[in-house]
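Quick notes on the structure that follows.
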Amino acid sequence: MNNLQKRKSIRIENYDYSTPGAYFITVCVHNRKPILWNVGAATCRPNLSKIGSMVETAILQIPKHYPMVSVDKYCVMPDHIHMILSIHTNENGRQIAAPTVSTLIGHMKRWVSMQIGYSVWQKSFIDRVIRNEKSYHAVWEYIENNPIKLDTASDMPDFENM
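This note's numbering numbers the first residue of the sequence shown as 4 and each following residue consecutively.
In structure tokens, the structure reads:
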């Protein structure tokens with residue numbers, strides 16, 4: 004018998020995470036090790052480490068592999084990343100077959116792990132469905148200003164109730 008507690012799901016029950024819309028994603032490094040920036044990097048202009056540069060490359064590759072997905076905004080922090088991913092419809096407004104957000108993030112994390120030969124990632128990731136334009140702009144500003152403030156992933160405001 005397994006005595007480990009089952010992790011509580013942070014996903015919205017019965018929500019299709021391949022639905023067109025915007026998603027705020029946070030992915031953390033295992034044990035929150037600050038390996039994505041070089042030591043002593045200036046906070047207003049991050050100096051990405053080799054691993055941080057690979058993470059940035061992986062983020063920028065997402066729309067190349069999934070044309071129906073755009074990375075509207077992203078930020079590589081010392082120990083985590085933030086992104087706004089948008090899944091789009093076609094020119095007629097129809098939903099295009101798209102991978103789920105979990106599939107997208109899983110592919111990105113695996114690619115980085117394959118490049119360096121081991122995984123640097125914490126299990127899972129944090130996602131929030133961005134439900135309106137006000138919330139989208141608040142998330143955009145948060146990501147834009149995150150390197151200046153050096154906030155941690157646990158310091159995120161509640162964008163759900165905007």
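C-beta atoms are modelled at their ideal positions from N, C-alpha and C, and glycine is treated no differently. In this text, all values refer to a predicted model and were calculated from it rather than measured experimentally.
Same chain, Cβ closer than 7 angstroms to residue i, neighbours up to 5 away in sequence not counted
{"i": "Met-57", "result": "Val-115, Gln-118 and Ile-119"}
{"i": "Trp-143", "result": "Lys-76 and Ile-87"}
{"i": "Gln-125", "result": "Cys-31, Val-32 and His-33"}
{"i": "Asn-149", "result": "Cys-78, Met-80 and His-85"}
Host beta strand (DSSP E) of residue i (start-end)
{"i": "Arg-131", "result": "129-133"}
{"i": "Ala-25", "result": "24-31"}
{"i": "Tyr-145", "result": "Unbroken run through Tyr-145 is the alpha helix (DSSP H), 136-152; no beta strand (DSSP E)."}
{"i": "Val-123", "result": "Where Val-123 is concerned, there is no enclosing beta strand (DSSP E), given that its DSSP letter is neither H nor E."}
Segment limits, alpha helix (DSSP H) that includes residue i
{"i": "Lys-112", "result": "104-119"}
{"i": "Val-58", "result": "53-68"}
Residue environment, residue i, which counts as buried when at least 16 other CB atoms sit within 10 Å
{"i": "Val-104", "result": "buried"}
{"i": "Ile-151", "result": "exposed"}
{"i": "Tyr-18", "result": "exposed"}
{"i": "Leu-107", "result": "buried"}
{"i": "Val-42", "result": "exposed"}
{"i": "His-68", "result": "exposed"}
Cβ neighbours of residue i in the same chain (closer than 6 angstroms, five flanking residues each side left out)
{"i": "Ser-122", "result": "Ser-116"}
Worksheet entry | Three-pair Cβ contact test at 8 angstroms for the region 32-41 versus the region 131-142 | No, they do not touch.
Worksheet entry | Validate contact between the region 14-30 and the region 87-106 using beta carbons, cut 8 angstroms, 3 pairs | These segments touch.
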